[in-house]
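Trainee: Quick note on this note's numbering: the sequence shown kicks off at 16 and runs consecutively.
We put the beta carbon where it would ideally sit given N, CA and C, even for glycine.
For clarity, every value in this text was computed on a predicted model and none was experimentally measured.
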Amino acid sequence: MIYLQRLNMDNSFFMDMSGWKILIDPWLEGTEVDYFGWFNMQWHRTPPIAYKDLPAFDSILITQKYPDHFHEETLKKLNPKHIIGPKSLEKKLKKLFPSAKIEGLDSKNNTTKINNHKVTFLATKRKIDPIYDAFILDDGKESVFVSTHGFNFSDKDLEQIKSSTPFQLLITPFNYYKLPFFLGGLVSPGLKGVKHLCDTIAPKNVVATHDEDKYVKGIVSKFASIKRPSSSENLLKLSWLEDRYLEMNHYNLIQIT
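1. Among residues of its own chain, excluding the 5 on either side of threonine 78, which ones have a beta-carbon nearer than 6 Å to its beta-carbon?
2. Pairing CB atoms from the region 51–67 with CB atoms from the region 111–122, are three or more of them under 8 Å?
3. Would you call the region 98–111 and the region 186–198 touching, i.e. three or more CB-CB distances under 8 Å?
4. Please go through the same chain and pick out, in chain order, the residues whose beta-carbon is closer than 7 Å to the beta-carbon of isoleucine 271, but skip the five residues on each side of it.
5. Assuming serine 74 is part of the beta strand (DSSP E), what are its boundary residues?
6. What are the partner residues of histidine 132, as DSSP defines its beta bridges?
7. Run through DSSP, which three-state label would glutamine 79 get?
8. Kindly indicate which three-state DSSP category serine 158 falls into: helix, strand or coil?
9. Are there any heavy atoms of the ligand ZN lying less than 8 Å away from the beta-carbon of glutamate 248, as far as the coordinates show?
10. How about proline 218 and arginine 259: are their beta carbons less than 9 Å apart?
11. State yes or no: is the C-beta of leucine 268 within less than 9 Å of the C-beta of proline 70?
12. According to DSSP, is aspartate 153 part of a helix, a strand, or is it coil?
13. Give the range of the beta strand (DSSP E) segment to which lysine 116 is assigned.
14. Measure the alpha-carbon distance for threonine 89 versus leucine 111 and round it to whole angstroms.
15. Would you say proline 95 and leucine 38 are within 9 Å of each other, going by their C-beta atoms?
16. Alpha carbon to alpha carbon, how far is valine 235 from valine 159? Give it in angstroms, no decimals.
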């Protein structure tokens with residue numbers, strides 16, 4: 016069984032997958048600052064869940080390097096004992112949490128097992144600013160696909176998809192977000208990216224992530240082109256999404272399967 020709970024209205028979740036309790040990209044206080052405040056600063060418009068209301072957890076999954084995913088202030092408060100993430104974060108995580116078990120994954124060493132659960136890292140083909148990685152969480156009966164900035168599959172990735180158990184849940188952004196090429200280019204592919212993932216992995220349920228209308232300041236926001244889905248009602252009119260879309264605009268724990 017899979018249970019899911021939002022921890023903020025952006026990209027932080029609690030998931031209970033057949034007894035394995037995991038936090039995904041916890042960001043529960045403070046700001047996201049990319050390099051410098053004048054460059055890009057963002058903070059939550061809707062307050063996240065309070066620490067005192069946070070469920071007990073076994074592990075934390077960090078999907079990428081930027082502080083809206085790898086939020087040090089929050090992580091220090093949580094003091095995790097087990098962290099999984101991209102290999103590129105391993106050295107910094109070990110310095111922050113020397114007594115924790117840190118598992119860094121990359122394209123060469125892309126899987127790890129936690130009891131009966133298998134975690135697979137799918138590396139983006141993009142070499143510069145690789146924010147488009149994805150993770151598969153598989154308990155041997157059902158799988159979850161986590162892609163916080165969309166994903167394009169290689170032939171090797173497609174083989175991994177075929178060997179996974181049925182995908183019960185896809186977590187991915189619905190917003191389209193693009194910057195000029197000199198600031199990173201396409202950050203999130205929007206509904207086109209969601210459809211690509213649905214066509215490829217055929218998930219039973221889809222939950223949006225990383226789509227909060229956050230407070231922002233800095234020069235990055237001046238260059239950003241953002242397109243948001245007009246409404247949940249319009250999303251439910253899309254034939255490929257209508258039976259899959261789960262609107263989670265609350266902090267309640269829900270049962271996915």
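Mentor: Based on what the coordinates show:
1. Asp40, His84, Thr163
2. no
3. no
4. Ile17, Tyr18, Leu19, Gln183, Leu184, Asn220
5. 74–76
6. Ile129
7. coil
8. The three-state secondary structure of serine 158, taken from DSSP, is strand.
9. Looking for the ligand ZN in the displayed structure turns up nothing, as the structure carries no ligands at all.
10. yes
11. yes
12. strand
13. 116–120
14. 12 Å
15. Going by C-beta atoms, proline 95 is nearer than 9 Å to leucine 38.
16. Per the coordinates, the alpha-carbon of valine 159 lies some 32 Å from the alpha-carbon of valine 235.
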